[in-house]
Amino acid sequence: MDAQSGSGGRRGRPYRPPRPTPARAGWSEQQHRVGWLLRVNRLYSGDERWQRESEFAADFHGGCWPERTSVYRISRWETAAVRVPYLAVRRYEELLQLPAHRLVVLIDTVYRYSAAVSGAAPLLQRQPFRDVPESVDRMEELVEAVQSDDVVTGVQWDELTALLGGAGQVILPRSTWAHLAERLLAEMIVADGVAWAQRYEALNRLLAHPLGQQPAVAACASLAADRTNQVFVETVSALDSSPHPDAAAHVMAQLVHPTNDRSQYGALLACVRKLRYGHFTESQVRRLVPIVNNFAADPVHYEDTRRLATELLRRIPADLPTDARLRLRHAAYPARGPYHPPLGTDSQWALAERIANTSVAGMAREAPRFPDTLLPTLVREMLFSPVFDVRLYAAILLFGTPYRSPLATALAVELQSQVGTGGTNLARTLLEALRILGSGEQRPLVERLTIAAGLPSVVTLAAASTIGHIGGSSPDRYWTTAIEHHLRVWRSTGSRTSASALDGLIYGLGITRNIPLLRLVHAHPGIPSPARVAAGWWLNLPRWVYEGANR
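Residue numbering for the sequence shown follows the UniProt record's numbering, beginning at 1 and increasing consecutively.
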């Protein structure tokens with residue numbers, strides 16, 4: 001075929017889809033997503049020349065990348081034929097003028113969640129640790145910074161935990177391991193966006209480290225048991241990374257005797273990877289069946305808990321006794337209860353493809369010869385997977401692409417339609433996605449949904465939990481109006497929805513660091529006690545947590 005044939009007669013090599021992932025040690029089954037991430041950022045970058053691999057390869061030499069690079073190497077990275085190295089990812093960031101380490105943390109996230117085993121070293125391999133003065137000095141310097149009140153950035157946490165994970169048996173006092181874990185966890189639960197992702201990845205490395213895992217597990221368990229804590233789901237679900245028996249024991253304890261509904265949901269979420277990794281003993285798996293069975297069958301539980309429990313039951317090992325398998329089958333396919341179409345139904349695919357196509361049409365320019373078949377798959381996962389982590393990581397991956405803005409616009413249009421037609425469950429997951437992808441353009445819509453009358457409680461609460469994370473900012477007038485609205489409804493009706501919405505709004509004030517309004521809420525004589533406690537918790541955080549958590 002003529003080299004000029006195809007869309008617009010543009011010269012260049014035809015698109016080649018990602019290759020099947022090789023099954024070899026240390027290779028992520030999601031490698032093709034990493035290649036896709038690099039490709040879409042290049043194709044839709046600010047320099048149109050770089051739509052041609054040859055032009056991009058010619059410019060690749062420089063910055064942190066010390067050698068010449070061929071068009072074939074670029075192609076092999078982007079089609080997952082070979083694994084892209086760390087410095088090459090950093091060079092993509094430099095050339096494409098992306099925030100430093102944005103692609104790095106996204107790739108770390110993809111690799112970690114899909115890894116065959118949990119590990120302390122990042123799978124996007126950094127420079128190997130060498131027992132030389134420079135490496136040792138740098139690690140000691142970072143440990144000293146963490147032990148002081150100095151601000152520690154997300155990049156520094158990434159560097160420190162990568163060094164610890166690659167250095168073998170690092171001799172640190174137990175108290176030092178404990179302090180590292182406690183500070184990292186404290187910063188993670190109040191961070192947002194890329195800063196949160198960097199700290200979450202760093203915590204996962206500590207939780208898998210042979211020497212650091214026990215103090216890290218203890219830090220998570222202690223915070224999860226603290227009823228004044230305001231962030232429970234990720235505190236407990238992070239225990240899925242640790243093979244230590246204490247981690248499995250704490251997850252089981254939060255399932256049976258939870259601190260609250262959120263810690264219990266976090267424990268249920270942790271079971272997804274702990275089952276995959278075989279972290280539970282046989283007796284724990286047997287105990288898990290009736291517990292999860294109850295979550296799946298009992299309509300009292302929050303709808304997302306039931307969906308997740310049903311999915312978990314399908315994943316529990318098949319070598320259980322017959323009676324347990326029968327209970328599992330009954331729970332996974334209940335005779336009664338709301339119908340949830342399985343992931344991948346025609347209606348879900350149609351919606352995902354419509355949103356994906358609308359997003360591609362909204363891009364500033366076309367990407368010739370690139371039929372993006374992965375985009376609708378990620379949209380489908382983000383909206384319909386029964387596992388929260390799968391939805392979250394699909395949204396995070398999309399956040400790191402130029403699709404983010406038009407995708408957020410399409411999601412907001414669909415959200416308004418679903419709210420208008422009573423699509424409660426889909427409206428909730430659309431809000432969940434906008435929590436990651438949304439910008440200031442979608443913020444007014446979410447603001448309205450936090451105080452709109454007549455909405456299902458699920459939508460109101462989802463909007464209240466989204467407002468702290470979505471892009472842009474809200475004036476104090478909005479916050480005081482929303483808080484007074486739900487306070488008035490709670491006083492007159494005792495509404496549990498309004499009481500929970502107040503918690504979500506105060507969480508939003510905390511995440512956005514609105515200290516003056518938090519003080520007003522804390523001093524408000526008519527505020528519910530849990531809301532006052534929540535405001536006090538945010539106000540009592542150490543200075544270095546607030547100052548460093550989003551850097």
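Glycine included, every Cβ here is placed at the ideal spot set by N, Cα and C.
With 16 or more neighbouring CB atoms inside 10 Å of its own CB, residue 79 falls in the buried class. Shortest Cα-Cα distance from residue 402 to any of 140, 188, 275, 44 involves 44. If only complete runs of 3 or more residues are kept, the segment 360-396 shows no beta strand (DSSP E) anywhere. Around the Cβ of residue 256, a 10 Å sphere holds fewer than 16 other Cβ atoms; the residue is exposed.
Proximity of the segment 200-213 to the segment 109-123 meets the contact definition, three or more beta-carbon pairs being nearer than 8 Å. By the CB criterion at 8 Å, residue 524 and residue 539 fall outside the cutoff.
According to DSSP, residue 62 shares a beta bridge with 65. Each residue's CA atom was taken as its position, placing residue 459 and residue 442 some 16 Å apart. Shown here, residue 260 sits in coil according to DSSP, grouped into three states, outside any helix or strand.
Of 433, 233, 398, 399, the smallest CA-CA separation from residue 412 is found for 433. Scanning its chain for C-beta atoms nearer than 7 Å, with the 5 sequence neighbours on each side dropped, one finds around residue 439 the residues 405, 408, 471, 472, in chain order.
Taking 8 Å as the cut-off, the Cβ atoms of residue 108 and residue 272 do not count as close. At a cut-off of 4 residues, the continuous stretches assigned as alpha helix (DSSP H) that sit fully inside the segment 393-452 are 404-421, 424-437, 443-451. The beta carbons of residue 182 and residue 219 sit closer together than 8 Å. If the five residues before and after residue 258 are omitted, its C-beta is found closer than 8 Å to the C-beta atoms of 264, 267, all from its own chain and listed in chain order. The shortest C-alpha to C-alpha distance from residue 528 to any of 496, 305, 235 is the one to 496. Scanning its chain for C-beta atoms nearer than 6 Å, with the 5 sequence neighbours on each side dropped, one finds around residue 170 the residues 164, in chain order. By the Cβ-count criterion, residue 421 is exposed, with fewer than 16 other Cβ atoms from all chains shown falling within 10 Å of its own Cβ. Contact annotation: residue 284 and residue 248 have beta-carbon atoms nearer than 8 Å.
Around the beta-carbon of residue 250, 16 or more other beta-carbon atoms lie within 10 Å, marking it buried. Non-local C-beta neighbours of residue 156 in its own chain, meaning closer than 8 Å and more than five positions away in sequence, comprise 142, 145, ordered along the chain. Residue environment analysis places residue 506 among the buried positions, since at least 16 neighbouring C-beta atoms fall within 10 angstroms of its C-beta. Assigned with DSSP and collapsed to three states, residue 158 falls in helix. With the rule of 3 Cβ pairs closer than 8 Å, the segment 68-83 counts as touching the segment 52-59.
The C-beta distance from residue 503 to residue 482 rounds to 12 Å, too long to fall under 8 Å, and the pair is not in contact. Put simply, the backbone Cα of residue 147 is about 44 Å away from that of residue 425.
For residue 89, the uninterrupted alpha helix (DSSP H) run begins and ends at 86-96, by DSSP. With contacts defined by Cβ atoms closer than 8 Å, residue 365 and residue 381 do not form a contacting pair. Excluding residues up to 5 positions away in sequence, 410 lie with their Cβ nearer than 6 Å to the Cβ of residue 358 in the same chain. In the structure shown, the three-state DSSP call for residue 456 is coil.
Residue 151 sits close to residue 548, with the two beta carbons spaced by under 8 Å. Annotated as distal: residue 223 and residue 206, with beta-carbon spacing of 8 Å or more.
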